[in-house]
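A short worksheet on the structure shown next.
In the UniProt record's numbering, the protein residues as written are 1 to 422.
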């Protein structure tokens, strides 16, 4: 694999740069909530959107992981998932161009259906992507790759955020969304070309394909053997509440300040600026404290940002609330830097696809909480929900501290609390 590493690296970076355009044009935390709210939707509809965009991919990983786990090559599955996403984005562009005359319920059901396909494709591709990256790099090279990939994506996201802001300002929100989705599909199509050049090392698992039920039966055994995985699952669930909360910062701003649609491009740009700022700092954290250190940063931000948003909404005019989106960008960057990287570090080539499926399955907070988040906010208000999310992030630090990661010891086994010594 060493001879193909430069070739594979170039393909991954190419994909990351162009994926950044798709990520920005379909941003779940600003663009999509604004689309829903602009069409007459409420916090409940934003909650359904978040469940589809965040929860469904994680739950769907279980359905795909058992089969993908036994495949010696994952690249065909990766490309298949990407092309399903491209088709879904094209469908969304057509829907928003021709379907605006329909009732709100018809429009939302159509929108949700296409986004569901988009995220099922993402789940299928995501399991394969993590496995391919894990096989393509050694542990040390993998850390460098994750840092560089995040930098490449940040630059791409920043440039596309500027373009998003310009499109929204010139065309207006209603006319911009079809174009944004069409450009997203085109960008993802170009991004997929890099994967055709990847050389994949086949890895046989030696196991038969598992059904979702079969994997579920085995999960307790894996969690009992691998204490680091079980602690990561718990901490990720606690931190997941903060991820689910991200689209509701726009909803909170809209509720308090009645944000005009022309401001959405500015919010995207501010949030992306926070991501870029974070990536100038995170590489220092990773080099010194590893990805476990980034988990701690993610937790601290998860504790701080909801409280900051509540305080800003009470004390300041809209201009004083804008820095909240810098911190949501920092939070989002920390999550993207950490999520897959930790999973790759604590798994092996043989079980990485299976671990991805199990991890997604046990991210219960990301799968279920969006469905009730909007309703909870409507009933008990933003304050109680935001404080709960902040407290959950603080508790996650207790489990992160007990994880055994490569940064802790030079030689370790993820299947025991005992250090493996030479």
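Backbone N, C-alpha and C fix where the C-beta goes; we use that ideal spot for every residue, glycine too. Because the structure is a prediction, the values reported are computed rather than measured.
Between residue 377 and residue 248, which are expected to be in contact by the criterion C-beta below 8 Å, what is the C-beta distance as a whole number of angstroms?
With 8 Å as the limit, residue 377 and residue 248 qualify as a contact, their Cβ atoms being about 7 Å apart.
Just how far apart, CA to CA, sit residue 346 and residue 227?
Going by the C-alpha atoms only, they are around 10 Å apart.
Beta carbon of residue 251, beta carbon of residue 43: below 8 Å?
Their beta carbons are under 8 Å apart, which means residue 251 touches residue 43 by this criterion.
Would you tell me roughly how many angstroms separate the C-alpha atoms of residue 51 and residue 120, rounded to the nearest one?
Approximately 12 Å between the Cα atoms of the pair.
Does the Cβ of residue 387 have 16 or more other Cβ atoms within 10 Å, making it buried, or fewer, making it exposed?
When all chains shown are included, residue 387 counts as exposed.
Assess contact between the stretch 7-17 and the stretch 254-264, defined as three or more Cβ pairs (one per stretch) separated by less than 8 Å. Is contact present?
Because the criterion of three Cβ pairs below 8 Å is not met, the stretch 7-17 and the stretch 254-264 do not touch.
At the level of alpha carbons, what is the spacing between residue 449 and residue 354?
Nothing can be reported for residue 449: it is not among the residues displayed for the chain, which extend from 1 to 422.
Looking only at its chain, what residues have a beta carbon closer than 6 Å to the beta carbon of residue 35, apart from the 5 residues adjacent to it on each side?
177, listed in sequence order.
Run through DSSP, which three-state label would residue 8 get?
Residue 8 falls in the helix class under three-state DSSP.
Which runs of the alpha helix (DSSP H) at least 4 residues long sit entirely within the stretch 300-331? Give them in chain order.
Here the runs fully enclosed are 318-321.
Comparing C-alpha positions only, which one of 375, 403, 341, 398 sits nearest to residue 137?
For the residues 375, 403, 341, 398, the minimum Cα distance to residue 137 belongs to 341.
Looking only at C-alpha atoms, which of 40, 269, 201 sits nearest to residue 128?
Comparing Cα positions, the closest option is 201.
Straight-line CA distance for residue 287 to residue 104?
So the two alpha carbons sit approximately 49 Å from each other.
Determine the direct distance from the alpha carbon of residue 325 to that of residue 284, and round the result to whole angstroms.
So the alpha carbons of these two residues sit roughly 23 Å apart.
Which same chain residues end up closer than 6 Å to residue 158 when comparing Cβ atoms and leaving out the 5 residues on each side of it in sequence?
So the list reads 272, 276, once near-sequence residues are dropped.
Should the stretch 146-166 be called in touch with the stretch 75-90, which here means at least 3 C-beta pairs below 8 Å?
No, the stretch 146-166 is not in contact with the stretch 75-90.
Tell me whether residue 200 sits in a helix, a strand or coil according to DSSP, three-state version.
Reduced to three states, the DSSP call for residue 200 is coil.
Below 6 Å CB to CB, which residues in the same chain sit around residue 181 once its five sequence neighbours on both sides are set aside?
So the qualifying residues of the chain are 89, 92, 93.
Across the stretch 290-304 and the stretch 392-400, are there enough close Cβ pairs to call them in contact, namely three or more that are closer than 8 Å?
Flag = yes, the stretch 290-304 and the stretch 392-400 touch.
Here's the rule I'm using: 16 or more other beta-carbon atoms within 10 Å means buried, otherwise exposed. How should residue 170 be labelled?
By the neighbour-count rule (16 or more Cβ atoms within 10 Å), residue 170 is not buried but exposed.
First and last residue of the alpha helix (DSSP H) that includes residue 28?
Premise fails: residue 28 is in no alpha helix (DSSP H) and is neither H nor E.
Going by DSSP, what residue range makes up the alpha helix (DSSP H) through residue 136?
Note, residue 136: alpha helix (DSSP H), 104-136.
Give the DSSP-derived three-state secondary structure of residue 383 in the structure shown.
Three-state DSSP puts residue 383 in a helix.
Buried or exposed for residue 479, please, with buried defined as at least 16 other CB atoms from any protein chain shown within 10 angstroms of its CB.
Nothing can be reported for residue 479, as the shown portion of the chain is limited to 1 through 422.
If contacts are defined as beta-carbon pairs under 8 Å, then residue 328 and residue 160 qualify, I think. What distance do you get, rounded to the angstrom?
Their Cβ separation, rounded to whole angstroms, is 17 Å, which puts residue 328 and residue 160 out of contact at 8 Å.
Thinking residue 334 and residue 282 are a contact (beta carbons under 8 Å), I'd like their distance in whole angstroms, please.
With a Cβ gap of about 7 Å, residue 334 and residue 282 count as contacting.
In this structure, how does DSSP classify residue 340 when only helix, strand and coil are distinguished?
Three-state DSSP puts residue 340 in a helix.
Look at the Cβ atom of residue 168, then the Cβ atom of residue 264, and state whether they are nearer than 8 Å.
The answer is yes: Cβ separation under 8 Å.
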